[in-house]
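Participant: Let me give you the structure first, and then I'll get to my questions.
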Amino acid sequence: MQTEKGKITSIRMLFTVSYVFFFLITINIIEVQASKLRLDWMVYILAWYFIAEFTLFLRNRLGSDVKVTGVFLLTFLLATIENLLSTVNIYRFGPLVNRVEHFLGTLIIAYVTTKLYLILKINKKITVNHVFELLVLSTTIAFGVLNEIIEYFSDTLLGSHHIGSGYDTQLDLIMNLLGAGVFTIYLLIKKRRFPDRDR
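First residue of the sequence shown: 2, per this note's numbering; consecutive thereafter.
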């Protein structure tokens, strides 16, 4: 059976191949007519990957036994699926895809946030009931707001057109809140069913 280190190495290789492929599309070495991939987006994806690497680094540095394979796997899946959707420009069919992206993306952010807090043993330091879950919720919502700020400056300074028409930002924030809320409910249910198990 493959070890966690082996699994992470495999995911790193898959991420690298996927990223290079879509980067070549971005700079038109590989031409795809409908592609909406942009360099600023590829930098954003790379930032997601570095968060996964930072999670592993922090885990090893602190000697934690929290497993982080899921962080790498979700980062790879998120990057690959998002890049694929941009390559075929699926957004031309309407804003629903973007709403789903924000919901699922926020679930992943909440998952990574939980892993980071478990590595830092925040859950062991909190004695008041449900504060850990509220901390995950508030941090995830904050990341969602930060994402919208990044989109705003990307549109303003780089003309990237990430922000759609109408109430795009408001609806994105609502979907972010929904994703964060669903994951928090999951944490609360898990805590109630398995009170002695780490989240």
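Heads up, the beta-carbon is just placed ideally off N, CA and C, and yes, glycines get one too.
1) Counting Cβ pairs, one atom from each stretch, are 3 or more of them under 8 Å apart for the region 58-68 and the region 98-115?
2) In angstroms with no decimal places, state the Cα-to-Cα distance between isoleucine 136 and phenylalanine 16.
3) Thinking just about the alpha-carbon of each residue, which of Leu138, Ile127, Ser36, Leu74 is nearest to the one in glutamate 54?
4) Determine the closest residue to serine 36 out of Leu25, Tyr45, Ile46, with distance taken between C-alpha atoms.
5) Measuring alpha carbon to alpha carbon, tell me which of Ile186, Gly7, Thr76 ends up nearest phenylalanine 133.
6) So, at 6 Å on beta carbons, what are the nonlocal neighbours of histidine 103 in its own chain, with the 5 sequence-adjacent residues on each side left out?
7) Specify the secondary structure class of arginine 193 as computed by DSSP and reduced to three states.
8) Express the C-alpha separation of tyrosine 45 and lysine 68 in angstroms, rounding to a whole number.
9) With three or more beta-carbon pairs closer than 8 Å as the criterion, would you say the region 141-152 touches the region 79-94?
10) Considering only the alpha carbon of each residue, which of Tyr20, Phe51, Ala181, Phe94 lies closest to leucine 40?
11) Going along the chain, which residues of its own chain have a beta-carbon closer than 6 Å to the beta-carbon of arginine 100, five neighbours each way excluded?
12) Where are the alpha helix (DSSP H) runs, 4 residues long or more, that stay fully inside the region 43-106, in chain order?
13) Once the 5 residues before and after tryptophan 49 are set aside, which same chain residues still bring their CB inside 6 Å of it?
14) Enumerate, from N- to C-terminal direction, the unbroken alpha helix (DSSP H) stretches of 4 or more residues contained entirely within the region 111-142.
15) Classify phenylalanine 154 as buried or exposed, calling it buried when 16 or more other Cβ atoms lie within 10 Å of its own Cβ.
16) Pop quiz: phenylalanine 23 and leucine 38 are said to be a contact at Cβ under 8 Å. What is the actual Cβ separation, rounded to whole angstroms?
17) If we count the other Cβ atoms within 10 Å of its Cβ and call it buried at 16 or more, is methionine 14 buried or exposed?
Facilitator: Concretely, from the data shown:
1) Cβ pair count under 8 Å is below three, so no.
2) Indexing the sequence shown from 1 puts residue 136 at position 135. Indexing the sequence shown from 1 puts residue 16 at position 15. Rather than isoleucine, the amino acid found at residue 136 in this sequence is leucine. Approximately 30 Å between the Cα atoms of the pair.
3) The count along the sequence shown starts at 1 and reaches residue 54 at position 53. Sorting Leu138, Ile127, Ser36, Leu74 by C-alpha distance to the C-alpha of glutamate 54 places Leu74 at the top.
4) Sequence index remark: in the sequence shown, residue 36 carries index 35 (1-based). Nearest C-alpha to serine 36: Leu25.
5) For the purposes of this step, residue 133 is identified with residue 132 of the sequence shown, where counting begins at 1. Closest option to phenylalanine 133, Cα to Cα, is Ile186.
6) Indexing the sequence shown from 1 puts residue 103 at position 102. For histidine 103, where only same-chain residues beyond five positions count, the Cβ hits under 6 Å are Asp173, Met176, Asn177.
7) Position 192 of the sequence shown, counting from 1, holds the residue named residue 193. Reduced to three states, the DSSP call for arginine 193 is helix.
8) By one-based count along the sequence shown, residue 68 stands at place 67. By one-based count along the sequence shown, residue 45 stands at place 44. Across the structure, lysine 68 and tyrosine 45 are spaced so that their CA atoms are roughly 24 Å apart.
9) Using a Cβ-Cβ distance cut-off of 8 Å, the region 141-152 and the region 79-94 are not in contact, since fewer than three pairs of beta carbons, one from each stretch, lie closer than that value.
10) As a first step, residue 40 must be located in the sequence shown, where it is residue number 39. Answer by Cα proximity: Tyr20.
11) In the sequence shown, residue 100 corresponds to position 99, counting from 1. If we look at arginine 100 and ignore the five residues flanking it on each side, its Cβ neighbours are Met176.
12) Counting only runs of 4 or more, we get 70-88.
13) As a first step, residue 49 must be located in the sequence shown, where it is residue number 48. Around tryptophan 49, the same chain offers Thr76 as residues with beta carbons nearer than 6 Å, after the five sequence neighbours per side are excluded.
14) The region 111-142 contains these whole alpha helix (DSSP H) runs: 123-126.
15) Residue 154 sits at position 153 when you count from the first residue of the sequence shown. Burial call: exposed.
16) Counted from its first residue, the sequence shown places residue 23 at position 22. Counted from its first residue, the sequence shown places residue 38 at position 37. About 6 Å separates the two Cβ atoms, so the contact holds.
17) Along the sequence shown, read from residue 1 onward, the residue named residue 14 stands at position 13. Note on methionine 14: under 16 other CB atoms within 10 angstroms of its CB, so exposed under the neighbour-count rule.
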